[in-house]
Amino acid sequence: ALPISINQASLTITPNSGQSKIYGNDDPTLGYQQTGLIQNKTVDGVVLNDSLTGALSRAQYGTLVGEDVGSYAITQGSLGASSNYALTFTPNVQYVINQASLTVTANDASKTYGDVFSAYTYRQSGLVSGTRVDGVIINDAISNVTFASAGSAATANVAGGPYSITASNAQGSGLGNYRIAYVNGALTVDPSQIIVTALGGNSIYGDSPVNPGLSASGVSGTPSSGLRNNEDVSVLTGLFNSFGITHLTNA
8 ALPISINQAS
18 LTITPNSGQS
28 KIYGNDDPTL
38 GYQQTGLIQN
48 KTVDGVVLND
58 SLTGALSRAQ
68 YGTLVGEDVG
78 SYAITQGSLG
88 ASSNYALTFT
98 PNVQYVINQA
108 SLTVTANDAS
118 KTYGDVFSAY
128 TYRQSGLVSG
138 TRVDGVIIND
148 AISNVTFASA
158 GSAATANVAG
168 GPYSITASNA
178 QGSGLGNYRI
188 AYVNGALTVD
198 PSQIIVTALG
208 GNSIYGDSPV
218 NPGLSASGVS
228 GTPSSGLRNN
238 EDVSVLTGLF
248 NSFGITHLTN
258 A
């Protein structure tokens, strides 16, 4: 009998297009389509039911740089078939890592009238830090946030508040992997505490007396108190010194 040659069958594997994940998450199992695999087919009285083994991979998988936002070519990885097949893999199908959401919120704060405020703080949600992803540890960080508020000036008054605190321009490591949203806070200006004292005086009998007026001072032990911004008692309203003498008052 003459020998019969059985040649390899053609098998094509094509990764599914449009596969992606959000930054900071593990890769899913990568999907694909195949053509040419013989399954549940009776050949010469026997049932052939071949299968593939292994899995697809992608460029730079398992590296820190490979977890950054961007596009990565899907590779054949360990996916394969038996020697009965001549396997063709479709290259250059891209896997995409999309930006994660990060929210930076300016914390509410308060200050005393006359003070310059700069002690801004914030809180964040969504930052990937100390998290193991695809076998590598991601430690993103925020090192600085820019703040602005009309209430920060020493001259910002109580009536104008609360003033909006705006956060912007977060700086740090790994932040290019995020779509950053900023949430405003509020800055409240509290009144400066003062002690108002009625001043004493004297008058000469027969002359029209001069009201000696008032003085204002800060509260002992409270540095941010008293009249501020070089203001004087003329800014105080609703106060008066009842000076109970006239030019006819006896000495």
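In short: position in the sequence shown from 1, add 7, done, that's this note's numbering. The beta-carbon is built from N, C-alpha and C at its ideal position, and this holds for glycine as well.
Cβ-Cβ distance between residue i and residue j below 8 Å
i      : j      : result
Gly121 : Ala161 : yes
Leu71  : Val143 : yes
Val152 : Ala126 : no
Ile172 : Ala116 : yes
Asn105 : Thr128 : no
Leu206 : Ala223 : no
Ile29  : Val111 : no
Gly132 : Asn146 : Residue identity differs from the one stated: residue 132 is Ser in this sequence, not Gly. Not in contact: Ser132 and Asn146 (Cβ atoms no closer than 8 Å).
Asp330 : Leu44  : Here the chain covers residues 8 to 258 and nothing more, so residue 330 does not appear.
Gln41  : Thr19  : yes
Asn169 : Thr195 : Per the sequence presented here, residue 169 reads as Pro, with Asn not at that position. Taking 8 Å as the Cβ cut-off, Pro169 and Thr195 qualify as a contacting pair.
Thr49  : Thr97  : no
Gln46  : Ala80  : no
Val190 : Ser159 : no
Ala62  : Leu86  : yes
Gly179 : Ala148 : yes
Asn184 : Val76  : yes
Thr95  : Ser24  : no
Tyr39  : Asp141 : no
Thr119 : Ser227 : no
Asn91  : Gln15  : yes
Residue i - DSSP class collapsed to helix/strand/coil
i      : result
Ala126 : coil
Val54  : strand
Val76  : coil
Ser241 : helix
Gln15  : coil
Pro22  : strand
Ala113 : strand
Tyr39  : strand
Ala223 : strand
Gly84  : coil
Residue i - containing beta strand (DSSP E), residue span
i      : result
Arg235 : Note, Arg235: premise wrong, no beta strand (DSSP E); not H, not E.
Tyr68  : Unbroken run through Tyr68: none, as it is neither H nor E.
Tyr92  : 92 to 96
Ile202 : 202 to 205
Opposing strand residues paired with residue i [DSSP bridges]
i      : result
Ile104 : Lys28, Gly77
Thr49  : Val54
Gly228 : Gly228 pairs with nothing; no bridge assigned.
Ile144 : Arg139
Gln131 : Val111
Ser64  : Thr82
Residue i: CB within 7 Å of a non-hydrogen atom of the ligand NAD
i     : result
Asn14 : In the structure shown, the ligand NAD is absent, as is every other ligand, since no ligand is present at all.
Residue i at chain B interface by Cβ criterion, 8 Å
i      : result
Tyr185 : Within the model displayed, chain B is absent; a lone protein chain is all it includes.
Could you tell me which uninterrupted beta strand (DSSP E) segments, each at least 3 residues in length, are contained entirely in the stretch 147 to 198, listed from first to last along the chain?
Annotation: the stretch 147 to 198 contains the following complete segments of the beta strand (DSSP E) (minimum length 3 residues), in chain order: 148 to 155, 170 to 180, 185 to 190, 192 to 197.
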